[in-house]
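Residue numbers (my numbering): 208 to 281.
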Amino acid sequence: MKKGDVYTVVDVEAGDGGVLIRTDAGDLLGVVAAGDVEVGAKIQIGPVCGDWCKLFLKGNSYRAQILQRSVKSS
Numbered sequence: 208m209k210k211g212d213v214y215t216v217v218d219v220e221a222g223d224g225g226v227l228i229r230t231d232a233g234d235l236l237g238v239v240a241a242g243d244v245e246v247g248a249k250i251q252i253g254p255v256c257g258d259w260c261k262l263f264l265k266g267n268s269y270r271a272q273i274l275q276r277s278v279k280s281s
């Protein structure tokens, strides 16, 4: 996972105060205050710092915690 990568959301699980997003690459992201995420949405990765990244979705930017990285993107 690096800046500029574009992924498709394949699974979304809403929780208290945020959502868990699984990408088509197999990454799992925890995002606070992104309640309108839908399966099939495209997300673009911004700067990545350790286990955190910025992601862009529907014209908005969010701070996301990288909870699980796929083997392909690690």
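By construction, the Cβ of each residue, glycine as well, lies at the ideal position given by its N, Cα and C atoms.
Helix or strand or just coil, what does DSSP make of residue i?
i: residue 271; result: strand
i: residue 276; result: coil
i: residue 237; result: strand
Please state if the CB of residue j and the CB of residue i are separated by a distance shorter than 8 Å.
i: residue 269; j: residue 238; result: yes
i: residue 244; j: residue 264; result: yes
i: residue 212; j: residue 277; result: no
i: residue 208; j: residue 256; result: no
i: residue 258; j: residue 275; result: no
i: residue 232; j: residue 214; result: yes
According to DSSP, what are the bridge partners of residue i?
i: residue 243; result: BP columns for residue 243 are empty, so no partner.
i: residue 209; result: Its beta-bridge partners do not exist; DSSP assigns none.
i: residue 222; result: 225
i: residue 255; result: 260
i: residue 249; result: 215
_Would you call the segment 246–257 in contact with the segment 220–227, where contact means no fewer than 3 C-beta pairs closer than 8 Å?_
no
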